[in-house]
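Engineer: Position in the sequence shown (first residue = 1) + 9 = our numbering. We put the beta carbon where it would ideally sit given N, CA and C, even for glycine.
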Amino acid sequence: MSDPKPLRVAVLGLGYIGREIHLPTLRQRADIEVVGLVDVNAEALARGLRESGFGPGFASLEALLDAGVPECAFVLTPKQLHGAQVARLLEAGVDVFCEKPLTMRLAEAEELAELAAARRRILMVGYNRRYAPVYVRAREAFTDPRPEAIVAMKNRPGTEYRATFDNAIHMVDLLRWFCGEAADVQGYAQYADPYYETTAVAALRFESGALGVLMANRSTSHWVERLEVFGHGRSAIVEAPDRVSLGRESTAEVSEMTALHMGWAHVADKMGFRQEVDHFFECVRTRQAPRTSAAEAVRTQALMDRLLKALGLPLSGKEG
C-alpha cells in the first residue's frame, strides 16, 4: 500500500507553544506538508520561518487563505482570537486543532462545536494532559469502574490574569475524563482582585458517585501538578510530568517517565503535546471524533464556568 498523500498544514501563532512545541513536532513528520505560517508580528514570523525551515509566511489568516486553502490548521494564537479564526477556517472547509481554551466564552465555544459538526470538520482542542503518558497510565487503571475519590492540584508561582480559567482548566478537564460529569460543585477563592486570584479550592460531586477536590494556587514556591485517584482497592498518584504510582490492593507499581527511564526528555513527549498531534492527524485521516473534540471542550468549559461561579470569580474578562 502506498504512503498517504501528505496533508497540507498551516500554523497560526508563533509564540512559545507554536515555536518551541508544535513546529519541532511537525518537523518530525513525513506525512504532512506545512504550506504556511501566520503571525501578525513580523519579528515572530521571521523567527518562526528561520528556525523551522517552513514557509511561506503570512501576516494574516486571510492572506494565507487567498494563497490556497490548507487541509488542516493549528490555531496557536492568543485565546481571545480563537473564536473568529477557528470559525473562518471551519467555514473554509479546514480541519482545525485549536489550543485550549477553545474560546473565552462558553456560548461561542458551543457555536464553534455546532459549526464543526454542520461542516463535517474535525475540531480538536489541545487539552494535552489527556495524552500525557503519566495521565494515560492512571486513566487506564480506572476505566471500569470509575474512581470513588479524586484530588487534582495545579500550583505555580506568579499571579496571572484569570489564572483559574487559563491554567487550572487542564485539571478540570482531567476531573471530567476520570469521573464523568459533575452533579454539584462548591468552592472558595482567595484574591485581592477577582481577576488575579491567588487560590481556588473546590469540592465536586460527580454523577458517577465520585467525590473530587480541585486546588490551584499562584503564590507557591515552584510548579506542582499532581493528581491522586482512589477507589475499589486501587490507587493512582501522578506527579506530572515524570512519575505515576499505581496501586492495587497491597501492591504498588511506580513508573518513571524521565529521560533516564524512557530515553527522552522533551516536554512535548512528557506532557502529551506530540501524542495529541499524532491523534489529530489520525482523526483527520480516519474522520473519527478526537478524544478532546470540540464537544468535549464545551463540556469542560461548562464545568469551568460552574466552578468559577461557585468560587465567586468572574465568568468573562474585564473587557466583557
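Any heavy atom of the ligand MG closer than 7 angstroms to the Cβ of Y200?
Structural biologist: In the structure on display, the ligand MG does not appear, and there are no ligands present to speak of.
Engineer: In the DSSP assignment, the beta strand (DSSP E) including E42 goes from what residue to what residue?
Structural biologist: I41 to V47
Engineer: How far does the beta strand (DSSP E) with V194 in it reach, from first residue to last?
Structural biologist: For V194, the enclosing beta strand (DSSP E) has its first and last residue at A191 to Q199.
Engineer: With respect to the beta strand (DSSP E) encompassing S61, which residues constitute its N-terminal and C-terminal limits?
Structural biologist: Premise fails: S61 lies in the alpha helix (DSSP H), A51 to S61, not in any beta strand (DSSP E).
Engineer: Okay, do the segment 130-143 and the segment 301-319 touch, 3+ Cβ pairs below 8 angstroms being the bar?
Structural biologist: yes
Engineer: Out of curiosity, what's the CA-to-CA distance linking A127 and R97?
Structural biologist: 14 angstroms
Engineer: Do you know how far the Cα of C107 is from the Cα of G22?
Structural biologist: Approximately 11 angstroms between the Cα atoms of the pair.
Engineer: Within a Cβ cutoff of 7 angstroms, which residues of the same chain sit near A118, ignoring the five residues on either side of it in sequence?
Structural biologist: L111, T112, A306, V307 and Q310
Engineer: Which ranges would you report for the alpha helix (DSSP H) in the segment 230-279 if only whole runs of at least 4 residues count?
Structural biologist: 268-271 and 276-279
Engineer: Put A127 into one of helix, strand or coil per three-state DSSP.
Structural biologist: helix
Engineer: Label P299 either buried or exposed according to how many other C-beta atoms from any shown protein chain fall within 10 Å of its C-beta, with 16 as the threshold for buried.
Structural biologist: Answer is buried; the Cβ neighbour count reaches 16.
Engineer: Does the contact criterion of 3 or more C-beta pairs under 8 angstroms hold for the segment 225-242 versus the segment 136-156?
Structural biologist: Taking 8 angstroms as the limit for Cβ pairs, the verdict is that the segment 136-156 does touch the segment 225-242.
Engineer: Tell me whether V78 sits in a helix, a strand or coil according to DSSP, three-state version.
Structural biologist: coil
Engineer: If you follow the beta strand (DSSP E) that R333 is in, where does it begin and where does it stop?
Structural biologist: The displayed coordinates of the chain run from 10 to 329. Any statement about residue 333 would go beyond what the structure contains.
Engineer: Check F67 in the structure and name its three-state DSSP category.
Structural biologist: strand
Engineer: Do you know how far the Cα of E60 is from the Cα of T316?
Structural biologist: Note that residue 316 is Leu in the sequence shown, not Thr. Their backbone Cα atoms lie some 40 angstroms apart in a straight line.
Engineer: Taking only three categories from DSSP, how would you classify D9?
Structural biologist: As displayed, the chain neither begins before 10 nor continues past 329, which places residue 9 out of reach and without an answer.
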